[in-house]
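Each remark here refers to the structure printed beneath this line.
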Amino acid sequence: MSEYFELPLLILASSMIPGLIIFMLPEEAVRTRIALNMSGALIKVMLVGFVIWGVSNGQQYETRLPFLPGLDLVLKADALSILFITLSTVLWLVTTVYAIGYLENSPHRSRFFGFFSLCVTATVGIALAGNLITFVLFYELLTLTTYPLIVHRGTEEARQAGRTYLIHTMFGGALLLLGTVWLYSLTGTLEFTQRGFVSGLLPDHDNSLIIIFVLLIAGLGVKAALVPLHSWLPRAMVAPAPVSALLHAVAVVKAGAFGIVRVIYDVYGIEVASTLGVTLPLAIVAAITVIYGSVRALFQDDLKRRLAFSTISQVSYITLGIAVAGPIATIGGLVHLVHQGMMKITLFFCAGNLAETLGIHKVSEMDGVGRRMPLTMAAFTLGAFGMMGAPPLAGFVSKWYLGLGALDAGQDWVIFILAGSSLLNAMYFLPILHRAWFREPMHEWPATHYLWRRETAWALLLPPLFTAFLSLLLGLLASLPYSPLEWARFITSLQYAL
Amino acid sequence: MTLLQWAFDGLLGITLIWLAWRTLASADLFKAIVLFIAFGLLMSLAWVRLNAPDIALAEAAIGAGLTGALLLVALARLNVVAAQTGDIESNTKQISAPEDSARTTAVVGQGVSNKHNLFQYFLVLMLSAVAAGLAYAVLSLPSEAPGLSRDVAENLNVSGVSNPVTAVLLNFRGYDTLLEMAVLLLALLGVWSLNRLPEQYESSPGLVLDMLSRLLVPLLLLVAGYLLWVGSRAPGGAFQAGSVLAAAGVLLLLAGWRPAARFLGWPLRFALIIGLAVFVSVALLMMLPGGQLLQLPPAFAGALILLIETAATLSIGVTLAALFYGSRPRSEQIPPHHTGSGGENE
Amino acid sequence: MLIVLPLIGTLLCFLLPRQVKALGLMTALAIAASAVALLWQLLQQGAMRYSVGGWGAPLGIDLYADGLSLLMLLITATVGLAISIYANAAFKLDKLVHFWPLWLLLWTALNALFLSADLFNLYVSLELLGLSAVALVALAGGSAALGAAMRYLLVSLLGSMLYLLGLALLYHSFASVDIAILAQRMESTPAVWAAMALMTVGLLLKTALFPLHFWLPPAHANAPAAVSALLSALVVKGSFYILLRLWLEVFPLSHAAPGQLLGLLGAAAILWGGVQALRQTRLKMLIAYSTVSQLGYLFIAFPLATTMAWKGAMYLLLSHALAKSAMFLAAGNLLLFGGHDRITQLDRVAQRLPLTLAAFALAGVSIIGLPISGGFIGKWLLLTAAMQSGEWGWAVVMILGSLLAAAYIFKVIGYAFTQAEVTHEACEVSKTMGATAFVLALAAIVLGLIAPWLLALMDIAEPFAMSSAALNAGAAA
Amino acid sequence: MSMTEFLTLLLLIAGAFFYIAGTVGLLRFPDIYSRLHALTKADNLGLGLIIVGLALQADSLTVIFKLILIWLLVLLASASVAHMVARSAQQKGIKPWTR
Amino acid sequence: MNNAYLYALTGIVLFTLGLYALIIYSHLLRKILAINIMASGVFLQLVALSTRARPLLDAVPHAMVITGIVVAVSATALALALMLRLRDASGSAELIEESTE
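Chains as they are written, first to last, in my numbering: chain P, 4 to 501; chain Y, 72 to 417; chain X, 59 to 535; chain B, 2 to 100; chain H, 45 to 145.
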């Protein structure tokens with residue numbers, strides 16, 4: 004046991020405890036709730052900062068709780084988890100601010116923020132999970148806590164969306180569990196290890212391992228919205244905007260992608276996975292998802308739906324990067340985990356702002372909106388260009404590495420996918436920008452009491468600006484120490500023993 | 072064994088089976104119950120043949136007698152309701168009019184329609200197979216088996232009684248009996264909790280019954296006391312005595328006697344539980360000098376068993392009679408200020 | 059002590075109906091305390107054998123307490139205590155007067171059952187259990203409840219008869235009805251096979267394993283909420299416990315084929331119960347069918363018959379007891395509050411009772427077997443056991459069962475989030491009632507966190523060792 | 002065979018005969034009243050004979066006393082029951098059978 | 045060889061007969077009778093086989109049967125009361141298959 008035994012637990016508790024308290028608060032206790040939320044989020048940021056500092060100085064952070072005989076619950080801060088945990092922590096803080104503004108005066112706020120906090124707890128748990136069982140545990144917890152958020156509005160549509168979501172994720176969870184149990188019965192351990200722990204089984208249990216791999220990836224692929232399993236995601240758009248933002252940028256989708264990374268690196272190990280020949284099919288599935296998502300996004304008029312399909316496509320970059328199985332592509336995939344989150348959350352914040360302030364839900368209604376809400380749309384533009392992969396934004400960095408990596412690994416076809424996808428991205432984002440900035444408004448916008456009678460409330464405006472700014476920074480300063488890119492390099496070096 | 076004994080046993084067995092079949096298959100429920108009582112009486116004959124006089128007594132008193140009474144009174148109540156709602160004729164008159172039974176069959180009879188025929192055949196087949204299997208299993212048992220007879224015999228002299236059955240019931244396996252008393256109490260609690268049974272079929276008891284009960288009740292009390300006393304040495308004991316006591320109660324109830332309201336409060340409750348209470352107290356007291364639960368020291372065992380049995384007899388008798396009466400005594404249903412004692416409610 | 063206490067309570071409650079509330083609660087506390095005392099004792103000295111009356115088996119009756127019985131007693135005490143508190147709040151005095159004595163007798167029966175090492179004594183306890191359960195079901199009144207109670211009574215008596223006949227065969231084969239002695243003398247004869255079949259079928263009837271489950275849903279759905287909780291959580295487990303003991307200790311020779319059969323029936327129960335639950339429109343019926351389904355899991359352990367599988371089944375049993383009682387209590391609250399339990403119209407009610415709803419949801423988590431909950435641990439153990447034996451078919455069934463459970467539970471919870479204006483409320487639901495359900499549900503979750511400790515308790519005297527040893531021997535041969 | 006044993010046998014057979022007669026009467030007589038008549042009278046006599054027969058075999062006076070008690074009780078019971086059955090039949094309006 | 049097996053077999057037949065009737069007949073009173081007859085069959089078997097201990101007397105099954113008889117009468121009483129209540133509430137002394145609502 005290491006000397007900082009409690010730290011990972013504290014990170015969990017910093018969102019869990021406020022969450023639990025919030026449940027018990029009466030609806031009217033607005034200030035207390037805000038205070039709780041914000042302090043939780045801030046504390047978490049500080050803790051994570053401390054952990055980053057520690058890990059980069061070679062410190063070990065591990066919490067081990069007895070769970071079952073021979074099987075512990077392990078929370079461990081390694082390089083990979085740091086990457087994810089930082090992303091979720093920062094974005095949680097931002098989203099909390101946004102949600103407080105967004106949900107002013109709507110009913111059931113205690114319930115909402117309670118589950119919201121728990122949802123983040125689950126995400127952080129996934130990030131910190133040190134073995135597969137802990138991972139599964141938080142993975143299911145995530146399912147449970149996001150469900151109430153998706154159905155939060157309580158409409159029939161929301162209920163249906165929640166149902167679809169549940170059917171998918173429960174099924175995925177079941178597959179994941181089955182794979183986990185099978186693996187456990189074969190190996191007797193589930194501890195995440197650098198470069199995997201299954202290599203001992205290699206010659207004899209090839210087939211079992213392949214099936215387990217398929218089970219695990221299918222289970223995770225549901226949340227990561229890999230193509231045949233993606234259909235819950237667009238429907239879940241009925242959730243309030245902060246939820247969609249978090250869902251897409253951090254929590255659910257990323258949890259799936261992160262899980263895939265974990266499985267390939269720390270359960271199987273990239274070498275074993277390649278030997279088994281499972282990476283190429285995965286890459287193909289991911290590639291299909293990339294293209295499919297982009298194409299579908301092209302035909303959506305509903306702004307949030309278009310963004311949703313865009314997510315499907317973008318998240319698969321991560322999977323693609325991992326599955327291409329070369330060090331440089333890996334860097335690209337991992338860094339995209341962070342970059343995509345940053346950009347996508349910006350886009351969703353902006354979409355939420357439009358809907359909340361002006362009642363705009365559709366792309367076709369966006370004519371001239373840039374004049375009404377210039378700052379929001381500026382943030383949106385930054386995010387959109389990032390998605391297209393325009394330099395010097397964050398998206399460019401990840402795509403660059405992905406492309407290089409593919410070439411490096413001899414998978415030239417991936418380049419075409421990337422190029423095609425970027426093209427498609429441009430095709431569905433540019434018209435939006437064009438409408439927003441260059442068309443005349445169709446009618447007068449209703450005046451509001453916000454600043455300069457334009458824009459929107461501070462709490463809604465600042466978060467997208469902040470994240471847009473960050474995604475710009477991430478692109479510009481990608482080569483500084485502690486940047487996501489550097490972390491991704493670090494992780495990759497561990498995996499490939501460079 | 073002589074041929075005569077074989078013939079007798081065989082005949083008895085066949086008669087038992089035939090009676091059981093007639094009981095279950097007869098169209099008329101009243102007849103079925105009467106046959107069931109006859110079945111019970113023949114069963115006690117079988118017990119005697121099997122060298123089990125204790126069971127014979129218990130079967131005659133409880134199995135045939137009280138169960139029969141319970142069944143009859145239940146049927147009467149069923150028919151009272153039926154007569155009130157007017158959909159079914161009373162079954163009771165069929166003792167004199169067997170021709171009617173065909174008609175009644177259609178209403179309250181077996182209720183087996185033709186569509187079940189196939190199922191019935193299947194069932195018969197299945198059950199025959201089960202019976203055959205069981206018979207095979209039984210016949211495969213060795214023909215000589217001492218069971219626990221030696222253990223019982225060896226320990227009999229320290230059990231405090233000389234009737235082995237009583238020894239087993241109240242000493243060796245007294246714990247079973249303790250729980251069994253609880254079951255009896257439970258049945259009463261259950262019946263009472265159901266509340267509001269239809270009023271019993273009241274007919275004026277008539278002079279003869281009145282006289283009979285006056286004559287018989289003291290005698291029955293005497294018999295109960297005798298059975299209780301003799302239980303330690305010879306066939307008899309608390310259950311038999313209790314059921315005789317209950318028979319007295321049933322007779323009184325039939326003759327139209329109702330206990331005074333002031334006895335129906337906690338005195339009645341007290342009488343109902345005293346058997347169990349004494350049993351439990353004795354069981355616990357035995358732990359005081361460092362013994363096990365229910366460990367009766369041989370020196371006092373006889374006296375203690377008698378004590379337990381006396382209390383048990385009272386409780387069994389009252390409980391069974393109360394079961395026969397059915398619903399909770401009426402005094403409990405009137406507001407508390409009408410009753411003197413503080414035990415009742417509602 | 060554990061047996062006598064509730065009996066005394068019964069007597070007192072019966073004698074002094076006015077004070078039932080206080081008396082009953084005091085008794086319940088005392089029982090819980092003595093269960094904890096027993097825990098302490100067992101931790102100190104391991105398994106205990108106690109001869110009632112000092113005679114000792116085979117002549118007298120032995121009590122026996124090991125990890126298995128201890129856990130059953132503890133769970134009974136926990137659930138029992140909670141339900142006692144709930145009942146005091148839920149029933150009016152005129153019902154309580156009946157409820158308490160009956161319930162304490164039921165408790166007596168359960169405790170007696172979990173402690174007894176004597177098959178005939180178990181029979182008497184079983185009757186006590188069955189009759190008191192029937193009487194409690196009938197407490198609800200109304201023709202549906204009475205009919206269900208009647209059916210239950212008949213089934214229960216039939217089960218007892220089968221059991222008793224089997225017992226007779228065993229006694230006459232081996233001149234004892236003590237479990238330990240029988241285990242020593244056991245051999246494979248036709249009579250033993252017949253006894254095994256009879257007793258197993260009898261107990262299965264009472265445990266309501268598919269396809270002998272037909273009586274359970276109406277009985278459990280129509281009883282008063284507190285009683286439903288008792289029935290689903292504890293009563294069916296009583297007969298299962300006996301079955302477990304029999305199979306673990308008395309009949310360890312003869313596993314393979316009958317075990318497979320039980321497993322298959324269990325699997326059928328999981329699926330059938332799940333599908334039926336999904337089809338119900340009334341909440342309590344849904345929960346009752348869920349019990350049918352969950353009981354099926356317990357039987358998956360029979361074909362696997364490894365220590366891990368047994369422990370998994372036990373774990374499921376415990377967590378199901380907690381979760382299901384919480385669920386029934388929650389349903390009772392909803393029913394009381396809204397005056398009905400039609401699932402599609404629950405939205406109007408559910409949002410007014412957040413604590414109750416939370417209880418239902420948490421209990422649901424455990425029933426589905428999601429982490430972190432007792433249900434998850436149980437399923438994990440069972441799944442692992444199945445996988446290790448290479449019998450992945452059972453694992454698939456279990457996973458499917460979980461999915462079904464998720465489907466029917468979220469079917470309910472989904473409605474709870476729907477926006478709906480508040481209409482009428484039939485009756486006020488006290489805080490206590492919501493809190494009790496919630497605490498029970500929470501306990502089911504907590505069960506997921508204390509697994510190492512509980513599993514260690516199960517190891518007291520290694521109740522499962524024998525069957526796995528037999529299995530290993532069979533594998534080696 | 003001693004004299005008492007012979008006597009016992011005789012009495013028992015006679016008792017059994019009356020029982021059979023009573024049973025035949027129960028089965029063959031036309032209405033409830035006459036059936037009662039056949040049953041009670043014949044059976045009481047049959048029982049009496051059997052009791053006497055058994056009493057001859059008894060070891061002690063107590064046993065004889067008990068046997069007599071049984072006879073008396075059965076007499077009492079059957080008389081009362083016959084009365085009640087007849088009365089109930091009459092109340093129900095069942096007419097006695099006439100040729 | 046003695047009459048143990050004869051009575052034991054009788055017991056089995058009674059048991060089976062009762063079981064058959066319990067399943068076939070729908071009137072509750074009849075079902076209750078059937079259970080009682082089943083019980084008699086079981087008791088008979090229990091005691092009959094114990095006579096194999098001759099010349100000694102094996103009292104344990106005897107005690108068991110007495111216990112059993114008392115339990116049976118308790119159950120019968122409860123069943124009858126329940127039947128009457130059910131009849132009161134539903135108007136029929138038979139079990140109705142509940143509709144699959």
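Every residue gets a Cβ at the ideal spot worked out from N, C-alpha and C, and that includes glycine.
Three or more C-beta pairs below 8 Å linking the stretch 254-261 of chain P and the stretch 372-392 of chain P: no
Buried or exposed (CB count within 10 angstroms, at least 16 for buried), leucine 58(H): buried
Proximal residues of chain H, C-beta to C-beta of valine 236(Y) below 8 Å: Ala103, His106, Ala107 and Ile110
Same chain, Cβ closer than 7 Å to leucine 458(X), five either side skipped, listed in chain order: Leu329
Coil, strand or helix - isoleucine 69(B) by DSSP: helix
Through-space distance from methionine 41(P) to arginine 34(P), alpha-carbon basis: 10 Å
Residue-level contact to chain X via CB, isoleucine 273(P), 9 Å cutoff: no
Range covered by the alpha helix (DSSP H) that runs through leucine 393(X): 365-396
Below-9 Å beta-carbon distance, proline 510(X) vs any chain P residue: yes
Cβ of isoleucine 170(P) within 9 Å of any chain X Cβ: yes
CB contact below 9 Å: leucine 62(B) versus chain Y: no
Glutamate 185(X), buried or exposed, once every other Cβ within 10 Å from all chains shown has been counted against 16: buried
Residue of Ala83(B), Leu70(B), Leu55(B) and Leu10(B) minimising C-alpha distance to leucine 27(B): Ala83(B)
Residues of its chain near threonine 148(P), where Cβ-Cβ distance is below 7 Å and the 5 sequence neighbours each way are ignored: Phe118, Leu121, Cys122 and Ala125
Backbone secondary structure at methionine 106(X) - three-state DSSP: strand
Residue-level contact to chain B via CB, leucine 287(Y), 9 Å cutoff: yes
Whole-Å CB distance - lysine 47(P) paired with serine 84(P), under 8 Å assumed: 14 Å between Cβ atoms; not a contact.
Partners in chain Y for tyrosine 108(X), counting only beta-carbon separations shorter than 8 Å: Gln363 and Leu364
DSSP beta-bridge partners of serine 174(X): Leu121(X)
Inter-residue CB distance, leucine 274(X) and glycine 324(X) (contact presumed, cutoff 8 Å): Not a contact, Cβ separation roughly 15 Å.
Anticipated Cβ contact below 8 Å, isoleucine 325(P) with isoleucine 267(P), distance rounded: 5 Å
Cross-chain neighbours of leucine 181(P) in chain X, by beta carbon under 8 Å: Leu441, Ala453, Val454 and Ile457
Test: glycine 413(Y) CB closer than 9 Å to a CB of chain B: Unreliable positioning characterises glycine 413(Y) in this predicted model, as indicated by a pLDDT of 33, which lies under 50. The coordinate reading is nonetheless provided below. Not closer than 9 Å to any Cβ of chain B, the Cβ of glycine 413(Y) fails to qualify, so no.
Strand pairing of leucine 106(Y), partner residues [DSSP]: The partner list for leucine 106(Y) (beta bridge, DSSP) is empty, contrary to what the question assumes.
Cβ shell of phenylalanine 312(P) (< 7 Å), same chain only, five flanking positions each side left out: Pro237, Gly296, Arg299, Ala300 and Gln303
Residues from the stretch 68-87 of chain H in contact with chain Y, defined by Cβ distance under 9 Å: Ile68, Tyr69, Ser70, His71, Leu73, Arg74, Ile76, Leu77, Ala78, Asn80, Ile81, Ala83, Ser84, Gly85 and Phe87
Interfacial residues, the stretch 117-129 of chain H to chain X, with Cβ spacing under 8 Å: Ser118, Ala119, Leu122, Ala123, Leu126, Met127 and Arg129
Test item: CB-CB of leucine 306(P) and valine 366(P) under 9 Å: yes
Cutoff 9 Å: leucine 212(X) Cβ touching any chain H Cβ: yes
Residue environment, phenylalanine 66(B), which counts as buried when at least 16 other CB atoms sit within 10 Å: exposed
Limits of the unbroken alpha helix (DSSP H) element including phenylalanine 434(X): 432-446
Buried versus exposed, by CB contacts within 10 Å (16 or more), tyrosine 425(Y): This structure does not reach residue 425(Y), given that chain Y is present from 72 up to 417, and the question cannot be answered.
Beta-carbon contacts of serine 167(Y) that lie in its chain and below 7 Å, excluding the five residues immediately before and after: Reliability fails at serine 167(Y), whose pLDDT of 38 lies under 50, so the model's placement of it is uncertain and the value that follows must be treated cautiously. Excluding positions up to five away in sequence, the list is empty.
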